[in-house]
Every structure is written in structure tokens, then in C-alpha cells.
Amino acid sequence: MMWLRGLTAGALALGMGLAAPAARADDADRIFDKSTVWRPLTPNDKLVVYGIDDPSVAGVACWYTQPEKGGIKGTLGLAEDVSDISLACRQVGPVQFKGKFKQGEVVFSERRSLIFKSMQIVRGCDAKRNTLIYMVYSDKVIQGSPKNSTSAVPLMPWGTEPPPKCDAFMEK
Numbered sequence: 070m071m072w073l074r075g076l077t078a079g080a081l082a083l084g085m086g087l088a089a090p091a092a093r094a095d096d097a098d099r100i101f102d103k104s105t106v107w108r109p110l111t112p113n114d115k116l117v118v119y120g121i122d123d124p125s126v127a128g129v130a131c132w133y134t135q136p137e138k139g140g141i142k143g144t145l146g147l148a149e150d151v152s153d154i155s156l157a158c159r160q161v162g163p164v165q166f167k168g169k170f171k172q173g174e175v176v177f178s179e180r181r182s183l184i185f186k187s188m189q190i191v192r193g194c195d196a197k198r199n200t201l202i203y204m205v206y207s208d209k210v211i212q213g214s215p216k217n218s219t220s221a222v223p224l225m226p227w228g229t230e231p232p233p234k235c236d237a238f239m240e241k
């Protein structure tokens, strides 16, 4: 049994080291929340809307809504949040790439439970349509969730500047 714990701890450490996110949860701006379950003595369950700027693409922002557990477990940070997360991304200014990126590169990551579950927002480029594609999903060390959401940001002119081509900034 000890070897299984060691293997799990090693896989967890390796996974955390390799998945160094571009942005952290404390980089997200809490926009507002709406209670969904009333609890008389502890915080309510709620849906919370957060906003983030793409750290590698100036002029693109994303907003995601996620449920947050209240109650005693939620207050203590022991509740595992569900995987239901919605996503919307938009061009909010002239798009400027800060460097090259890989298809499926992590833009933002957040822990969703005490140890094993995380939420990821990843980015890709649809070169044919010159559109950035963002996907949010949750994963666990052992098993991920099929629940996901996708948002597309077609790169458009902003003012007199023509839009850059996203495939020019992809690592080959």
C-alpha cells in the first residue's frame, strides 16, 4: 500500500510541475455572484463570475462562471467543486501576441478541490478562420471530466490596424 501512496504522490508532483500555468487563480477578477442554495448558518452555494485577461494575447479577455459550495465544507475549503463551468471570451482591444504559443496551451488554471482536481482554460488557433479558440475543462490526477465549454474569438480589425494572423504565432 505504501508503494501506491508513493506512486500517487510522485505523479501528483510531476503533474503539478509540468502543468505550470500561465495565470493563477488569484489573477482572476471576481465580477459578481448569485446565490443558488440558501443556507441559514453558513455561506450559501453560489454561481460566481470571474474575468481574466489572456496573459499571452493582449486584447482578449475571458469570463467564466463556476459554482462554489457554501456550507461548512465550502467555508473550510474542503468541498470539491463540481465541473460545471461556462466560458465566454471576446476581443476587447487591438490583438497583440506577446510571443509564440502551442495549440492547447494553458492560459489559466485553478484548483477545484483540496488536492486532486483542477480547472484549466486552454487556447488554440483555428488558422483557416483566423480565430482563437478557448476551452475550459476540469481534470483530476486519475480521471478527468467530460464537462467542458468552448468559446471562439475571431480576430478582427481594431481601429485602422489589420488583425494579426494567429497561426503566425503558433509554435510548429
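In terms of this note's numbering, the sequence shown opens at residue 70 and continues consecutively. Where a beta carbon is used, it is the ideal one built from N, C-alpha and C, also for glycine.
- Query: From this set, I202, S155, P109, which residue's C-alpha is nearest K171's C-alpha?
  - Reply: On the sequence shown, residue 171 is found 102 positions in, with the first residue counted as 1. For the residues I202, S155, P109, the minimum Cα distance to K171 belongs to I202.
- Query: Nearest-angstrom Cα distance between K197 and R108?
  - Reply: Start at 1 with the first residue of the sequence shown, and residue 197 comes out as number 128. Start at 1 with the first residue of the sequence shown, and residue 108 comes out as number 39. So the two alpha carbons sit approximately 50 Å from each other.
- Three-state secondary structure assigned by DSSP to A237: Along the sequence shown, one-based indexing puts residue 237 at 168. If DSSP states are grouped into helix, strand and coil, A237 belongs with the helices.
- Going by DSSP, what residues sit across from W107 in a beta bridge? One-based indexing of the sequence shown puts residue 107 at position 38. In the DSSP output, where bridge partners are listed per residue, W107 has none listed.
- Query: Between which two residues does the beta strand (DSSP E) carrying L116 extend?
  - Reply: Start at 1 with the first residue of the sequence shown, and residue 116 comes out as number 47. It spans 114–122 - the beta strand (DSSP E) in which L116 sits, taken as one unbroken run.
- Task: Note down the Cα distance separating T111 from G139, rounded to an integer number of angstroms.
- Result: What you label residue 111 is simply residue 42 of the sequence shown in a count that begins at 1. What you label residue 139 is simply residue 70 of the sequence shown in a count that begins at 1. C-alpha separation (whole angstroms): 7 Å.
- Which residue comes first and which comes last in the beta strand (DSSP E) that contains P227? Here the question's residue 227 lines up with position 158 in the sequence shown. Note on residue identity: the sequence assigns Trp, not Pro, to residue 227. Run containing W227: none; DSSP gives neither H nor E here.
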